[in-house]
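Trainee: Take this structure first; my questions come after.
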Amino acid sequence: MSTALPRTKRMSGEKRKQAILQAAAPVIARAGFQGASVRDIAEAAGVSEALLYKHFPSKQALYDEALAGARESSQFTIARFATLEPGTESFVLLTYATVDFILFGFPGSKDPEQGIARLVFQSLLGDGSHARAIFADTAANWMDYVLASYQAAIDEGDIVELPIEPPHRFRFVQQLAMALRLSHLPEEPAFAYRGSKRKLADQAVLFSLRGVGLTDAAIKTHFQPRKLRAALARLFSEYTS
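Sequential numbering from 99 applies to the sequence shown in this note's numbering.
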């Protein structure tokens, strides 16, 4: 029996294309690229196979464009941080944003089934090429912003010395957030943490700030989750309103 969504309003070509991409991501992620059929994707999107092929010449083309969209979204988001003045305050905000965006998605994103995250993890289970492309696209500029603020925090006396390269310190933050996101992909998380997902994210940020070497005094001054969330909301107000 078909589970196709009812077609109540005629969409523009671009909106229909985006709707197909959004519907395709969780289907491919759950069944794998080989296991997901065009019929499955078309039914999830509420379109015919013929209409799907009108927008995408092949399943591979659809898959590639879904991941390309994820890369564009991440690049666009990262560019917003170019307005920050390097310093301890900015470093804490960047750390908070890293964990927040990985766990909850980029500001304004509409991906209730976490399809893009599932696609990234599915790629890591394969040859990793698409995941590497996403990471490579985002790593350069993001790491530039992070390291500039990290160095400024060192100059301000807010970082303790550690025998770990600064880029590695921050990549550990990203890896922690990715592990938490992975464990929360199922409807019932793989690990039973106490408290809400938001509280867990805040705790992960605090853990990360200590791990990268931020001093207790700097943490006390700058790690204020409500203010950090408000700062992110202001930075992305035009996309979250």
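Every residue, glycine too, gets a C-beta built ideally from N, C-alpha and C.
So, is D137 buried or exposed, given that buried needs 16 or more other C-beta atoms within 10 angstroms?
Mentor: For the record, residue 137 in the displayed sequence is Arg; it is not Asp. R137 comes out exposed.
Trainee: In whole angstroms, give me the CA-to-CA distance for A275 and L283.
Mentor: Near 13 angstroms, if we compare the C-alpha coordinates of L283 and A275.
Trainee: Check for me: the alpha helix (DSSP H) holding Y291 runs from which residue to which?
Mentor: No alpha helix (DSSP H) holds Y291; DSSP gives it neither H nor E.
Trainee: Which full runs of the beta strand (DSSP E) of 3+ residues lie inside the region 237-272, going along the chain?
Mentor: Counting only runs of 3 or more, we get nothing.
Trainee: If you draw a straight line from the C-alpha of S335 to the C-alpha of I139, how long is it?
Mentor: Rounded to the nearest angstrom, the two C-alpha atoms are 33 angstroms apart.
Trainee: If we call anything under 8 angstroms between Cβ atoms a contact, is V271 one with T193?
Mentor: Result yes, Cβ atoms of V271 and T193 sit closer than 8 angstroms.
Trainee: Roughly how many whole angstroms lie between the Cα atoms of I317 and R178?
Mentor: So the two alpha carbons sit approximately 24 angstroms from each other.
Trainee: Looking at the unbroken alpha helix (DSSP H) that takes in G133, where does it start and where does it end?
Mentor: Counting along the chain, the alpha helix (DSSP H) containing G133 begins and ends at 111-133.
Trainee: Rounded to whole angstroms, what is the Cα-Cα separation between Y243 and A328?
Mentor: Near 20 angstroms, if we compare the C-alpha coordinates of A328 and Y243.
Trainee: Relative to the alpha-carbon of Q158, which residue among S146, G130, R169, Y248 has its alpha-carbon at the smallest distance?
Mentor: It is G130 whose Cα lies nearest to the Cα of Q158.
Trainee: How long is the line joining the alpha carbons of F199 and E147, rounded to whole angstroms?
Mentor: So the two alpha carbons sit approximately 34 angstroms from each other.
Trainee: In chain order, what residues of the same chain have a beta carbon less than 8 angstroms from the beta carbon of T106, not counting five sequence neighbours either side?
Mentor: Unreliable placement is indicated for T106, whose pLDDT of 46 sits below 50; the coordinate value is still reported in the next sentence. Within the same chain, T106 has no close Cβ partners at all.
Trainee: Quick check: A237 and P184, are their CB atoms within less than 8 angstroms of each other?
Mentor: Result no, Cβ atoms of A237 and P184 do not sit closer than 8 angstroms.
Trainee: Could you say which of D256, P265, L222, G311 lies nearest to N239 if we only look at CA atoms?
Mentor: Taking only the C-alpha atoms, the option nearest N239 is P265.
Trainee: How many whole angstroms separate the CB atoms of I232 and S281, which I take to be in contact at a CB cut-off of 8 angstroms?
Mentor: Rounded, the Cβ-Cβ distance is 20 angstroms, inconsistent with contact.
Trainee: Taking only the alpha-carbon atoms, compute the straight-line gap between E254 and L182 and give it to the nearest angstrom.
Mentor: Approximately 16 angstroms, taken between the alpha carbons.
Trainee: For L312, which residues does DSSP report across the bridge?
Mentor: DSSP, once it has assigned bridges, lists I257 as partnering L312.
Trainee: In the DSSP assignment, the alpha helix (DSSP H) including R148 goes from what residue to what residue?
Mentor: Per the sequence presented here, residue 148 reads as Ala, with Arg not at that position. 147-153 is the span of the alpha helix (DSSP H), which, as asked, contains A148.
Trainee: Could you tell me the alpha carbon to alpha carbon distance between S100 and A142, rounded to whole angstroms?
Mentor: Its pLDDT being 43, under 50, S100 is placed unreliably in this model, and the value from its coordinates should be taken loosely. Taking the straight line joining both Cα atoms gives about 9 angstroms.
Trainee: With DSSP collapsed to three states, give me the class of S306.
Mentor: S306: helix per DSSP, three-state reduction.
Trainee: Please return the same chain residues whose Cβ sits closer than 7 angstroms to the Cβ of D256, not counting the five positions on each side in sequence.
Mentor: T186, L312, T313, A316.
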